[in-house]
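S.K.: The structure under discussion is supplied below as structure tokens; questions concerning it will follow.
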């Protein structure tokens with residue numbers, strides 16, 4: 001038995017988080033760090049910790065609306081995740097966790113109380129609207145490579161007080177070790193654990209823990225509910241259904257590695273456990289009253305056929321799929337259901353670019369929907385034939401910012417008019433990365449920052465490209481319009497005060513299915529390239 005126990009270190013060192021908000025419930029998450037003196041006195045393999053959770057309408061917790069307790073153990077890496085139910089729609093709440101008992105699993109009937117209960121930091125969260133709502137405000141981010149920069153983007157999002165939720169579109173973490181070339185050599189002190197590439201369950205758990213010891217990421221989680229989905233680097237680079245480019249036989253079976261990645265993801269992220277018990281099915285939907293529906297897709301793992309070269313005839317196979325046929329049908333059913341219920345905006349959160357991108361007449365990225373044109377055509381045909389209005393595709397993955405009108409063939413002037421935008425059936429907004437570079441050579445991505453603009457004449461549907469800057473996107477949706485605002489955080493190599501630049505303003509009016517206007521950044525040309533180069537790479541390290 002354990003008596004007279006206190007925690008010498010903060011057991012909530014990985015913060016608190018909330019996620020997957022619905023109109024009447026939200027996921028609450030934390031993780032308990034077991035101190036050394038407890039590990040020495042109890043067998044950690046059979047240790048259990050009782051954690052009380054509370055959710056309230058006021059910061060003093062005088063009006064607790066829901067509460068309970070959760071027993072966690074080594075079997076789930078001492079993470080805590082509960083679905084707080086019975087909440088009111090469109091309401092802001094605070095929540096916290098309390099530790100007051102722990103013991104060995106074989107003595108649960110005699111749990112020992114701690115000398116003093118330990119209370120977590122207070123988190124903030126919000127439920128979704130269920131009925132009529134005039135406005136929603138969201139943010140989206142992707143691609144946070146710990147060793148390539150500081151998470152200033154997350155700190156900036158945490159400062160926005162009126163968000164309904166934050167969407168994370170994948171690559172929340174990266175698999176690479178400290179000796180891999182894909183890191184910023186100027187940031188010698190941004191090292192990950194484990195030191196090597198993550199392959200096993202222990203590796204994936206340690207990497208999740210490492211990321212959540214950063215100061216800015218927990219700050220974001222503590223402030224806003226997150227709706228997340230994985231991309232490839234939560235597994236390993238260029239994942240598909242039955243393997244990955246960055247996986248080999250010496251690293252064990254793909255099934256074992258992918259299961260480990262998925263288990264750690266569900267343990268460490270504020271994502272709701274699927275009702276069907278198949279954790280591979282991470283795609284899900286969220287309804288924001290009558291204003292918007294969000295379908296979060298898995299374009300990376302559950303149904304993806306293997307990537308092929310642009311010259312491979314298999315790329316044009318009509319049976320080729322990116323989502324898998326079950327997820328395709330699920331998405332189509334949801335789009336029709338939202339239309340029948342009078343929902344204004346159809347938001348589709350996913351990982352890889354849907355827009356066509358060609359150079360000299362050839363697609364340049366077959367890891368994106370350009371590698372799966374038949375799957376893209378099936379979706380766009382469905383949207384067009386069923387008159388699904390106001391479809392907005394939300395994308396991450398490519399470490400750069402883009403905006404484009406989406407249609408089946410933007411290169412045929414009879415099917416898409418670059419001046420009137422007739423022929424577009426959707427709009428795609430691509431957020432830049434939190435830290436990951438568009439070109440993995442420090443400084444070079446800034447020097448070619450405006451090169452992306454040479455793509456625009458050949459790709460008339462693309463309205464905006466920024467290859468240079470890191471950042472995130474916020475937007476406000478009403479019944480009449482949708483206004484994404486690209487925000488760029490330039491300072492990644494320093495924890496000094498962040499320099500913020502509004503890089504673009506995109507305006508989409510309801511019912512026309514195209515991006516209407518774009519206001520570009522006032523900082524252009526060589527000055528911007530030089531300015532970014534200096535800021536990212538040569539300011540003093542902390």
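In full-length UniProt numbering, the protein residues as written are 1 to 542.
Where a beta carbon is used, it is the ideal one built from N, C-alpha and C, also for glycine.
Treat the numbers as computed from the prediction; the structure is a model and nothing was measured.
Within its chain, find whatever has a CB closer than 8 Å to the CB of residue 547; leave out the 5 residues flanking it on each side and keep chain order.
M.R.: No statement about residue 547 is possible, as the shown extent of the chain runs from 1 to 542 and does not include it.
S.K.: Let me know the beta strand (DSSP E) ranges lying completely inside the segment 348–412, each 3 residues or longer, listed in chain order.
M.R.: The beta strand (DSSP E) runs lying completely inside the segment 348–412 and spanning 3 residues or more are 391–395 and 401–406, given in chain order.
S.K.: Buried or exposed: which applies to residue 373, given that a residue is buried once 16 or more other Cβ atoms fall within 10 Å of its Cβ?
M.R.: Position 373 of the chain shown holds residue 373. Buried, because 16 or more other Cβ atoms sit within 10 Å of the Cβ of residue 373.
S.K.: In terms of DSSP beta bridges, what is residue 286 paired with?
M.R.: Mapped onto the chain shown, residue 286 falls at position 286. DSSP, once it has assigned bridges, lists 294 as partnering residue 286.
S.K.: Are the CB atoms of residue 168 and residue 142 within a distance shorter than 8 Å?
M.R.: As a position in the chain shown, residue 142 is number 142, starting the count at 1. As a position in the chain shown, residue 168 is number 168, starting the count at 1. Yes, these two residues count as a Cβ contact at 8 Å.
S.K.: Locate the beta strand (DSSP E) running through residue 428, then write down its first and last residues.
M.R.: For this step, residue 428 is matched to residue 428 along the chain shown. Residue 428 -> beta strand (DSSP E) spans 426–430.
S.K.: Specify, as a first and last residue, the run of the beta strand (DSSP E) that residue 123 falls within.
M.R.: The sequence position of residue 123 within the chain shown is 123, counting from 1. Element bounds for residue 123: 123–126.
S.K.: Determine the direct distance from the alpha carbon of residue 323 to that of residue 245, and round the result to whole angstroms.
M.R.: In the chain shown, the residue the question calls residue 245 occupies position 245. In the chain shown, the residue the question calls residue 323 occupies position 323. If I take the Cα positions, the gap works out to 18 Å.
S.K.: Tell me which same chain residues have a C-beta within less than 6 Å of the C-beta of residue 33, skipping the five on either side of it?
M.R.: As a first step, residue 33 must be located in the chain shown, where it is residue number 33. Excluding positions up to five away in sequence, the list reads 11 and 13.
S.K.: Report buried or exposed for residue 419, applying the criterion of at least 16 other Cβ atoms within 10 angstroms of its Cβ.
M.R.: The count along the chain shown starts at 1 and reaches residue 419 at position 419. Exposed is the call here.
S.K.: Assign residue 18 to one of three DSSP states: helix, strand, or coil.
M.R.: For the purposes of this step, residue 18 is taken as residue 18 along the chain shown, with counting starting at 1. Correct three-state label for residue 18: strand.
S.K.: Counting Cβ pairs, one atom from each stretch, are 3 or more of them under 8 Å apart for the segment 337–344 and the segment 286–299?
M.R.: yes
S.K.: Rounding to the nearest angstrom, what Cα-Cα distance links residue 145 and residue 437 in this structure?
M.R.: The residue you call residue 145 lines up with position 145 of the chain shown. The residue you call residue 437 lines up with position 437 of the chain shown. Cα to Cα, residue 145 sits roughly 9 Å from residue 437.
S.K.: Could you tell me the distance, in whole angstroms, from the CA atom of residue 355 to the CA atom of residue 406?
M.R.: Reading the chain shown from its first residue, position 355 is the one you call residue 355. Reading the chain shown from its first residue, position 406 is the one you call residue 406. Going from the Cα of residue 355 to the Cα of residue 406 covers about 6 Å.
S.K.: Specify the secondary structure class of residue 299 as computed by DSSP and reduced to three states.
M.R.: Against the chain shown, residue 299 aligns to sequence position 299. Looking at residue 299 - three-state DSSP - the assignment turns out to be coil, as it is neither helix nor strand.
S.K.: May I have a chain-ordered list of the beta strand (DSSP E) segments no shorter than 3 residues that lie completely inside the UniProt domain "Phospholipase D N-terminal" (14–105)?
M.R.: 16–19, 26–31, 47–56, 64–73, 79–84 and 92–104
S.K.: Hey, out of 27, 20 and 37, whose CA is closest to residue 9's CA?
M.R.: Start at 1 with the first residue of the chain shown, and residue 9 comes out as number 9. For residue 9, the nearest C-alpha among the options comes from 37.
S.K.: Would the segment 48–59 and the segment 72–85 be scored as touching if the rule is three or more Cβ pairs under 8 Å?
M.R.: Between the segment 48–59 and the segment 72–85, the count of Cβ pairs shorter than 8 Å is three or higher; the stretches touch.
S.K.: Would you check if the segment 196–210 and the segment 226–233 touch, i.e. whether three or more CB-CB distances between them fall below 8 Å?
M.R.: no
S.K.: Below 8 Å on the Cβ atoms is my guess for residue 473 versus residue 140; work out the distance and round it to an integer in Å.
M.R.: Taking the first residue of the chain shown as 1, we reach residue 473 at position 473. Taking the first residue of the chain shown as 1, we reach residue 140 at position 140. Indeed, because the Cβ distance is near 5 Å, the residues count as touching under 8 Å.
S.K.: Under 7 Å Cβ to Cβ from residue 376, same chain only, skipping five residues before and after it: list those, please.
M.R.: Locating residue 376 in the chain shown gives position 376, counting from the first residue. Around residue 376, the same chain offers 354 and 369 as residues with beta carbons nearer than 7 Å, after the five sequence neighbours per side are excluded.
S.K.: Kindly give me the distance between the Cβ atoms of residue 402 and residue 325, rounded to whole angstroms, as I take these residues to be in contact under 8 Å.
M.R.: Looking up residue 402 in the chain shown gives position 402. Looking up residue 325 in the chain shown gives position 325. Actually they do not touch by this definition, with Cβ atoms about 28 Å apart.
S.K.: Distance, Cα to Cα, residue 15 vs residue 21?
M.R.: Within the chain shown, residue 15 is the residue found at index 15, counting from 1. Within the chain shown, residue 21 is the residue found at index 21, counting from 1. Distance between the alpha carbons of residue 15 and residue 21 is about 18 Å.
S.K.: Please report the Cβ distance between residue 477 and residue 432, rounded to the nearest whole angstrom; I am assuming they are in contact, meaning their Cβ atoms lie under 8 Å.
M.R.: Your numbering for residue 477 matches position 477 in the chain shown. Your numbering for residue 432 matches position 432 in the chain shown. Actually they are not in contact, since the Cβ atoms of residue 477 and residue 432 sit about 21 Å apart, beyond 8 Å.
S.K.: Considering only the alpha carbon of each residue, which of 328, 398, 422 and 176 lies closest to residue 434?
M.R.: Counting from 1 along the chain shown, the entry for residue 434 is found at position 434. Comparing Cα-Cα distances from residue 434 to each of 328, 398, 422 and 176, the minimum goes to 398.
S.K.: Looking at the secondary structure, which residues open and close the alpha helix (DSSP H) in which residue 210 lies?
M.R.: In the chain shown, the residue the question calls residue 210 occupies position 210. That run of the alpha helix (DSSP H) goes 201–211.
S.K.: Give the single residue among 347, 471 and 378 whose Cα lies nearest to the Cα of residue 149.
M.R.: Translated into positions along the chain shown, residue 149 becomes position 149. Closest by alpha carbon: 471.
S.K.: How many angstroms separate the CA atom of residue 158 from the CA atom of residue 408?
M.R.: Within the chain shown, the letter at position 158 stands for residue 158. Within the chain shown, the letter at position 408 stands for residue 408. Going from the Cα of residue 158 to the Cα of residue 408 covers about 38 Å.
S.K.: Give every residue of the same chain whose Cβ lies closer than 6 Å to the Cβ of residue 92, excluding the five residues on either side of it in the sequence, and list them in chain order.
M.R.: Counting from 1 along the chain shown, the entry for residue 92 is found at position 92. Within the same chain, residue 92 has close Cβ partners 126.
S.K.: What are the boundary residues of the beta strand (DSSP E) that includes residue 466?
M.R.: The residue given as residue 466 occupies position 466 in the chain shown. Residue 466 -> beta strand (DSSP E) spans 462–466.
S.K.: When we look at the beta-carbon of residue 351 and count the other beta-carbons within 10 Å, is it buried (16 or more) or exposed?
M.R.: Numbered from its first residue, the chain shown carries residue 351 at position 351. Result: buried.
S.K.: In the DSSP output, which residue or residues are listed as bridge partners for residue 239?
M.R.: Stepping through the chain shown from its first residue, residue 239 is reached at position 239. DSSP, once it has assigned bridges, lists 244 as partnering residue 239.
S.K.: Measure from the alpha carbon of residue 81 to the alpha carbon of each residue in 261, 67 and 90, then state which is nearest.
M.R.: Position 81 of the chain shown, counting from 1, holds the residue named residue 81. Comparing Cα-Cα distances from residue 81 to each of 261, 67 and 90, the minimum goes to 67.
S.K.: Less than 7 Å between the CB of residue 392 and some heavy atom of the ligand FAD, yes or no?
M.R.: With respect to small molecules bound, the structure shown includes none, and the ligand FAD cannot be examined in it.
S.K.: Can you tell me whether residue 84 is buried or exposed, with buried defined as 16 or more other CB within 10 angstroms of its CB?
M.R.: In the chain shown, the residue the question calls residue 84 occupies position 84. Residue 84 is buried by the Cβ-count criterion.
S.K.: With respect to the alpha helix (DSSP H) encompassing residue 221, which residues constitute its N-terminal and C-terminal limits?
M.R.: Start at 1 with the first residue of the chain shown, and residue 221 comes out as number 221. Per DSSP, the unbroken alpha helix (DSSP H) holding residue 221 starts and ends at 216–223.
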